[in-house]
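Chemist:
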Amino acid sequence: TSLAFELDAAYDLLTLGDDNPLYVFTGPALYRFSQNGNSDNTFGLNLGAGLQISNVYAEIRYSTLFYENVTGQVGFAAGYMF
Numbered sequence: 029t030s031l032a033f034e035l036d037a038a039y040d041l042l043t044l045g046d047d048n049p050l051y052v053f054t055g056p057a058l059y060r061f062s063q064n065g066n067s068d069n070t071f072g073l074n075l076g077a078g079l080q081i082s083n084v085y086a087e088i089r090y091s092t093l094f095y096e097n098v099t100g101q102v103g104f105a106a107g108y109m110f
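If you're matching positions, the sequence shown starts at 29 in our numbering and goes up one per residue.
(1) Who are the Cβ neighbours of D36 in its own chain at under 7 angstroms, not counting the five residues just before and after it?
(2) Here's a check: name, in chain order, each residue in its chain whose Cβ is nearer than 6 angstroms to the Cβ of A32, leaving out the five neighbours to either side.
(3) Suppose the cutoff is 6 angstroms on Cβ atoms and the five residues either side in sequence are ignored; what does the same chain contact list for S30 look like?
(4) Mind checking G76: buried by the 16 CB within 10 Å criterion, or exposed?
(5) Nearest CA to the CA of L79: which residue from N64, N48, Y108 and N66?
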C-alpha cells in the first residue's frame, strides 16, 4: 500500500480577461510505502502551474522524491470546480 500527503501553496502570476488566474504552485510532499511487512517514508517536492477559466481548471505538475534511484514525474490534471 502507499499513502501520499501533499501541501501546496499557490501564487497568481497574472489574471487573464476578467477573472482567469494563471498561477504557479509548490509544496512539500510525504509518501509512505508499505509492502511485505516493510515500510518506508520519504519526502518530495511538487512544482507546477495552472490556469483557471470560470469553473474549469488545468494544471501541469512536476513531482519528485528525495529517494535514491527515483526520478521525477510530470502529470497533467483538469477538472470542474462546483
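Quick reminder that beta carbons are idealized off the backbone N, C-alpha and C, glycines included. The structure displayed is predicted, hence computed values, not measured ones.
Modeler: The short version:
(1) Within the same chain, and ignoring the five residues on either side of D36 in sequence, the residues whose Cβ sits closer than 7 angstroms to its Cβ are F53, T54, G55 and N74.
(2) Closer than 6 angstroms at the Cβ level, and outside the excluded window around A32, lie Y59.
(3) Its chain contains F61 as the residues whose beta carbon lies nearer than 6 angstroms to that of S30, once the 5 sequence neighbours on both sides are disregarded; these appear in chain order.
(4) In the assembly as shown, G76 is a buried residue. Its beta-carbon has 16 or more other beta-carbons within 10 Å.
(5) Ranked by how close their Cα comes to the Cα of L79, the residues N64, N48, Y108 and N66 have N48 in first place.
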